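**Q**
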Amino acid sequence: MKNIVFTYITPFPSGKGRIGRVTDTLTREFLKRGFTIRLSSTVTVRHEYDYPALLTYLPSQKLMAPENILFYYGFLRWHFIDYVVNQSGNFADSQLWTNTGETPAKVISVLHSEPLAAYRHLWREIIPLRGCSFIQKLKRLARMALYPKR
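According to my numbering, the stretch in the sequence shown is residues 1290 to 1439, in order.
1. Quick one: what's got a C-beta closer than 8 Å to D1371's C-beta in the same chain, skipping five residues either side?
2. According to DSSP, simplified to helix, strand and coil, what is L1344?
3. Under a three-way DSSP split, which group does N1357 fall into?
4. Quick one: what's I1424 bridged to in DSSP?
5. State the Cα-Cα distance for the pair E1391 and T1314, rounded to the nearest angstrom.
6. Quick check on R1439: does DSSP put it in helix, strand or coil?
7. Which partner residues does L1328 have in the DSSP bridge list?
8. With C-beta atoms as the reference, is F1360 less than 8 Å away from P1348?
9. Here's the rule: buried if 16 or more other CB atoms are within 10 angstroms of the residue's CB, otherwise exposed. What is R1439?
10. State yes or no: is the C-beta of P1300 within less than 8 Å of the C-beta of T1316?
Rendered as structure tokens:
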């Protein structure tokens, strides 16, 4: 049977948000089907939640600390992880989770937000219109294209 680890920067309580709820649901279903599931997080905040799988915290709160990287590689080897489900597909901590070193683990990165959300924010709030004419809308599009994305 396959060994899977779900990774994210914070723990996964199902009542605290969508990523937690999705992870909890998938974990419970995979466990029913005989998979071995682990959860891994970078922060040490503890939640009062009965996780359906073992939750492991990395040793340092500094994401790319050498001890986190070594711990992560060891974790993947020690637990014979086949798949890393990177729940941080659109966040900075992906740089840790997607690098599996010399291990054979495959990474599945998940985007949990709307990819165009930043541009919707630009459209509505940062670059207001002076009017509703077609020319004003074209100017807004041009400004959005030139706006530096961080």
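Ideal placement from N, C-alpha and C gives every residue a C-beta, glycine not left out.
All of these numbers come straight from a predicted model, not from anything done at the bench.
**A** To lay it out plainly:
1. K1291, N1292, I1293, P1393, A1394, K1395
2. strand
3. helix
4. DSSP, once it has assigned bridges, lists no residue as partnering I1424.
5. 30 Å
6. Low confidence applies to R1439: its pLDDT is 48, below 50, so where it sits in the model is not reliable, and the reading given next is rough at best. It is coil, neither helix nor strand.
7. F1295, L1344
8. yes
9. Model confidence at R1439 stands at a pLDDT of 48, short of 50, so the residue's coordinates are unreliable and nothing is read from them.
10. no
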